[in-house]
Amino acid sequence: DTEVTQTPKHLVMGMTNKKSLKCEQHMGHRAMYWYKQKAKKPPELMFVYSYEKLSINESVPSRFSPECPNSSLLNLHLHALQPEDSALYLCASSPTGQGIQPQHFGDGTRLSIL
Amino acid sequence: GQQVMQIPQYQHVQEGEDFTTYCNSSTTLSNIQWYKQRPGGHPVFLIQLVKSGEVKKQKRLTFQFGEAKKNSSLHITATQTTDVGTYFCAGPKWAQKLVFGQGTRLTINP
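Protein chains in written order, with the working numbering: chain Y, 1 to 114; chain U, 1001 to 1110.
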C-alpha cells in the first residue's frame, strides 16, 4: 500500500477538456513533487512545492497548472493538453525540501489525450 | 548540465544468476539514491548512499558508492522472479531536484 494517494488512477480526456489530478499524503511531509513519466523512461520532474510554496517549475507549459491548497494536498490542473502529454503522472513527497531526501511516490495517474 | 548515466539499459538473466547495474555521474554527488519500479507500478525508494566508498546491503542486494562519489552500483545475488523491474539511480542536482538515470530494466527467465 502506498502512503501517497493519487486520483484518478486513469484519465482519458480530449484536447479541449479541463481536468485535475489530485494527490494526498498524511505523512507530515512538507515537500511535494509532480513528475511526468513516459513509457520506458525515467521520471522527469515538473514541479516542486516546499512548505506549500512553488519552489521549482521545470519550464513546464502553462497548460499544466499546479496548486498546493495545504500541506497534505497537491493538485495538477490540466487544460488544452496535447497528445504528447499522454503519460504517467506521478506525485511524490519527502519530509522537507531541505537537501535531498528519499521520495515517496504515489501509484500515479495514467493520462491519455485523445 | 549534470547527467546521470546508467548501464546497461536492459538485462535478461536466468533465475538464480547475479545482476549488476552501474550508475555514473558527470559531477560529484552529495548522495545517491536507488529506486525500483515494478512493471505497471511506481518507483519505490530502496536506499540512499552518502559517504565516499560506502557499501550497504539489503538481503541479496548490495549497493556501493564510489570513492570519488561519481559512481555507484547495485548488485543482486541469485536473482528471483520478484526482482523483476526497472532499477533507477538518482542523484541531486539542486537541493530539491533529483536527476534520474535512464534505468536498467531487469527481466528474469524462471
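Beta carbons are placed, not taken as given, at the ideal position from N, Cα and C, and that holds for glycine.
Owing to the predicted nature of the structure, the values given are computational and were not obtained by experimental measurement.
Considering U:Gly1082, what are the terminal residues of the beta strand (DSSP E) in which it resides?
Note on identity: in this sequence residue 1082 of chain U is Thr, with Gly being the wrong assignment. From DSSP, U:Thr1082 is part of no beta strand (DSSP E); its letter is neither H nor E.
Could you tell me the boundaries of the beta strand (DSSP E) in which U:Asn1071 lies?
1071-1076
Between which two residues does the beta strand (DSSP E) harbouring Y:Thr16 extend?
Looking at the DSSP string, Y:Thr16 is not in any beta strand (DSSP E), and its letter there is neither H nor E.
What's the C-alpha gap between U:Lys1069 and U:Ala1090?
13 Å
Below 6 Å CB to CB, which residues in the same chain sit around U:Pro1101 once its five sequence neighbours on both sides are set aside?
In the sequence as displayed, the identity of residue 1101 of chain U is Gly instead of Pro. Residues Val1004, Gln1006, Cys1023, Phe1088, Cys1089 of the same chain have their beta carbon placed closer than 6 Å to that of U:Gly1101, with the five preceding and five following residues left out of the count.
Step through the CB atoms of chain U and report whether any lies within less than 7 Å of the CB of Y:Gly108.
yes
Environment of Y:Ala175 [buried if 16+ CB atoms lie within 10 Å]:
What is shown of chain Y runs 1 to 114, which leaves residue 175 of chain Y out entirely.
Within the 7 Å Cβ cut-off, does U:Phe1088 reach chain Y?
Using a CB distance cut-off of 7 Å, U:Phe1088 counts as an interface residue toward chain Y.
By Cβ distance, which residues of its chain are closer than 6 Å to Y:Phe47, with the 5 residues on each side in sequence left out?
Trp34, Asn57, Pro66
State the start and end residues of the unbroken beta strand (DSSP E) segment that holds U:Pro1043.
Residues 1043-1049.
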